[in-house]
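Read left to right, the sequence shown gives residues 33 to 395 (this note's numbering). Note that beta-carbon positions come from the ideal geometry of N, C-alpha and C, so glycine has one too. Predicted, not measured: the structure shown is a model, and the values here were computed from it.
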Amino acid sequence: MEKKTILNPNHRDMDARMVPFGGWDMPVHYGSQIDEHHAVRQHAGMFDVSHMQIIDIHGSDSTRFLRRLLANDVAKLKDHGKALYSCMLNHEGGVIDDLIVYYCDDTWYRLVVNAATADKDTAWIMKQMHDFEVEIQPRPELAMIAVQGPAAVELAIAQMNEDLGKACSRLKPFSATWDASWFVGRTGYTGEDGFEIMLPEADAPGLWEALAEAGVTPCGLGARDTLRLEAGMNLYGQDMDETTTPLVSGLGWTVALEPAERDFIGREALEQQKTGGVPQKLAGLLLEGRGVLRGHQQLFAGDEAVGEITSGGFSPTLQRSIGLARINADAPESLEVDIRGKRLPVRIVKYPFVRKGQACIEL
Numbered sequence: 033m034e035k036k037t038i039l040n041p042n043h044r045d046m047d048a049r050m051v052p053f054g055g056w057d058m059p060v061h062y063g064s065q066i067d068e069h070h071a072v073r074q075h076a077g078m079f080d081v082s083h084m085q086i087i088d089i090h091g092s093d094s095t096r097f098l099r100r101l102l103a104n105d106v107a108k109l110k111d112h113g114k115a116l117y118s119c120m121l122n123h124e125g126g127v128i129d130d131l132i133v134y135y136c137d138d139t140w141y142r143l144v145v146n147a148a149t150a151d152k153d154t155a156w157i158m159k160q161m162h163d164f165e166v167e168i169q170p171r172p173e174l175a176m177i178a179v180q181g182p183a184a185v186e187l188a189i190a191q192m193n194e195d196l197g198k199a200c201s202r203l204k205p206f207s208a209t210w211d212a213s214w215f216v217g218r219t220g221y222t223g224e225d226g227f228e229i230m231l232p233e234a235d236a237p238g239l240w241e242a243l244a245e246a247g248v249t250p251c252g253l254g255a256r257d258t259l260r261l262e263a264g265m266n267l268y269g270q271d272m273d274e275t276t277t278p279l280v281s282g283l284g285w286t287v288a289l290e291p292a293e294r295d296f297i298g299r300e301a302l303e304q305q306k307t308g309g310v311p312q313k314l315a316g317l318l319l320e321g322r323g324v325l326r327g328h329q330q331l332f333a334g335d336e337a338v339g340e341i342t343s344g345g346f347s348p349t350l351q352r353s354i355g356l357a358r359i360n361a362d363a364p365e366s367l368e369v370d371i372r373g374k375r376l377p378v379r380i381v382k383y384p385f386v387r388k389g390q391a392c393i394e395l
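As structure tokens, this is what we get:
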């Protein structure tokens, strides 16, 4: 049976097209995915991301535990509320999930993990907690609404109490602040400014309705995917998974190998791969001409197969087809993609493709 977020009735009242996603009944769009995409790039959009799992880590060993659990190093976090993006790896270096961790204090961290992997993630985290004085506390009673776009910060703050609004107005990117009930991170998955607001389920419908009345556009999974692709952000299960390491998935920057004495799960496998030479890389692609790039399409340099598209689609902002692909490390910059048996030229470009509404690549 599919799970439903507390905002499910709101989506249906807004005539959303609902689809199954990661075991949840979720909105894919409310009429026009393209219009929702442009609303985020040009003004403000909101997403129900309550299906994602919030997990609190408490205890005297919280920092030591997370330095073992995650490939990035939470010891970098010095200021309360500061956030860190990291992969959680298996012993072979494969990505169990990618997540955001917030440093609240020395005995409290907050993790936000992906919906489709939430049960697996929680089980893995609990399996690793032996020998550490920590408590793992999933927070299913909390909802989460992401408000994103150039006007998102102003419009979201207008719905908060005065003290929290003032704190949020001073909030730096990739940081969080909170009061007794709401936790607000200046984070997102669109390449735009905005907040991810974690709040009691009972408060979520009121906030959703107030944001809509203020002119924030409700957005579904479709726009969320085109926005994150333009922003060059990985999607778990497509651009990385348990069979791929961060080093071949464009996420080497999230791996902290210093200090050398930190023995995080998967470290040995990553060091061996790095020593032997990382065989593949994640690259941005721009289709030269008409057509649409899609996941699993094969890439060629002449007659040699050199990789595969992991994520692809039409960019509403650029009006071109773009993609992310895992290709051989020595692949040339000009390749061909096989689309339904026809070879079409693609150009390797540096992603992100779009940030803050502006093209980052030469078309």
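Reference residue i; option with closest CA among the options
| i | options | result |
| --- | --- | --- |
| ILE354 | ARG379, PHE332 and ALA361 | ARG379 |
| PRO311 | THR209, ASP151 and PRO278 | PRO278 |
| ARG44 | LEU395, PRO250 and HIS328 | PRO250 |
| THR37 | MET192, ASN266, VAL338 and ALA147 | ALA147 |
| ARG375 | GLY345, LEU267 and VAL324 | VAL324 |
| ALA115 | ALA244, VAL216, THR342 and GLY344 | VAL216 |
| ALA76 | VAL338, HIS328 and GLY220 | GLY220 |
| LYS388 | MET58, HIS70, PRO59 and MET33 | HIS70 |
| LYS152 | TYR135, GLU167 and VAL127 | VAL127 |
| MET58 | GLU34, GLY113, ASP67 and LEU243 | GLU34 |
| ALA188 | TRP240, ASP105, THR276 and ASN266 | TRP240 |
| PRO41 | PRO237, GLN74, TRP214 and SER201 | PRO237 |
| GLY247 | LEU261, ARG322, ALA184 and ASP370 | ALA184 |
| THR139 | GLY125, GLU167, ALA155 and ALA150 | GLU167 |
| THR349 | LYS382, ALA150, LEU259 and SER366 | LEU259 |
| ARG352 | GLY282, GLU262 and PRO205 | GLU262 |
| ARG202 | GLY223, GLY373, SER213 and GLY113 | GLY113 |
| SER281 | LEU243, GLY321, GLU340 and GLU224 | GLU340 |
| GLY226 | GLY252, GLU290, ASP137 and LYS204 | LYS204 |
| GLY213 | CYS200, ASP235 and PRO170 | Residue identity differs from the one stated: residue 213 is Ser in this sequence, not Gly. With distances taken between Cα atoms, SER213 lies closest to ASP235. |
| ALA103 | LEU331, TRP285 and PRO172 | TRP285 |
| VAL72 | VAL287, GLY181 and ILE371 | GLY181 |
| TYR268 | LEU131, GLU68, CYS200 and GLN329 | LEU131 |
| GLY125 | TYR135, GLY298, ARG218 and MET46 | GLY298 |
| PRO291 | PHE346, TYR135, ARG99 and GLY254 | ARG99 |
| PHE346 | LEU39, VAL369, GLU293 and ARG322 | ARG322 |
Contact belief for residue i with residue j at Cβ below 8 Å, rounded distance in angstroms
| i | j | result |
| --- | --- | --- |
| ARG256 | PHE79 | 6 Å |
| ALA391 | ALA363 | The pair is not a contact, with the Cβ atoms about 24 Å apart (cut-off 8 Å). |
| GLY91 | GLU165 | 5 Å |
| GLY344 | ARG326 | 5 Å |
| ASN266 | LEU243 | Not a contact, Cβ separation roughly 27 Å. |
One or two residues paired with residue i in a DSSP bridge
| i | result |
| --- | --- |
| MET272 | TYR268 |
| MET230 | MET176 and PHE215 |
| ILE66 | Answer by DSSP bridge pairing: none, since ILE66 is not bridged. |
| SER353 | PHE346 |
| ARG358 | LEU314 and GLU340 |
| ARG49 | HIS61 |
| LEU143 | ILE87 and VAL133 |
| THR249 | GLY77 |
| ALA391 | VAL386 |
| TRP56 | LYS35 and PHE53 |
| VAL127 | LEU121 |
| LEU319 | VAL378 |
Start and end residues, beta strand (DSSP E) containing residue i
| i | result |
| --- | --- |
| ARG100 | Counting along the chain, ARG100 falls outside any beta strand (DSSP E), though it belongs to the alpha helix (DSSP H) covering 94–101. |
| ILE38 | From DSSP, ILE38 is part of no beta strand (DSSP E); its letter is neither H nor E. |
| ILE86 | 85–90 |
| ARG379 | 374–381 |
| GLY118 | Looking at the sequence itself, residue 118 is Ser, so the reference to Gly does not match. First-last of the beta strand (DSSP E) with SER118: 115–121. |
| ALA208 | 208–210 |
| PRO170 | 167–170 |
| ASP370 | 366–371 |
Extent of the continuous alpha helix (DSSP H) run through residue i
| i | result |
| --- | --- |
| ALA333 | Unbroken run through ALA333 is the beta strand (DSSP E), 330–333; no alpha helix (DSSP H). |
| ALA305 | Here residue 305 is Gln; the residue named in the question, Ala, does not match the sequence. 299–308 is the extent of the alpha helix (DSSP H) around GLN305. |
| ILE189 | 184–189 |
| ASP80 | From DSSP, ASP80 is part of no alpha helix (DSSP H) but of the beta strand (DSSP E) over 77–80. |
| LEU279 | No alpha helix (DSSP H) holds LEU279; DSSP gives it neither H nor E. |
| ASP151 | 150–160 |
| LEU196 | 194–201 |
Minimum Cβ-Cβ distance from residue i to chain D less than 8 Å
| i | result |
| --- | --- |
| LYS198 | This model lacks chain D altogether; it includes just one protein chain. |
ask   = Between the segment 121–128 and the segment 295–305, do three or more beta carbon pairs fall short of 8 Å?
value = yes
inquiry  = For the structure I just gave you, are there three or more beta carbon pairs, one from the segment 131–145 and one from the segment 76–89, closer than 8 Å?
reply    = The segment 131–145 vs the segment 76–89: in contact.
ask   = Is it a yes or a no for the segment 187–199 touching the segment 207–218, going by three-plus beta-carbon pairs under 8 Å?
value = Yes, since at least three Cβ pairs between the segment 187–199 and the segment 207–218 fall closer than 8 Å, the two stretches touch.
query = Contact between the segment 267–278 and the segment 87–100: three or more CB pairs below 8 Å?
reply = no
inquiry  = Using 8 Å as the cut-off, can you tell me whether the segment 168–179 makes contact with the segment 224–241, which would need three or more C-beta pairs spanning the two stretches below that distance?
reply    = yes
ask   = Are at least three pairs of beta-carbons, each pair with one atom in the segment 108–117 and one in the segment 59–71, less than 8 Å apart?
value = no
Meets three-Cβ-pair contact criterion under 8 Å: the segment 158–171 and the segment 41–56 = These segments do not touch.
query = Would you call the segment 344–364 and the segment 313–320 touching, i.e. three or more CB-CB distances under 8 Å?
reply = yes
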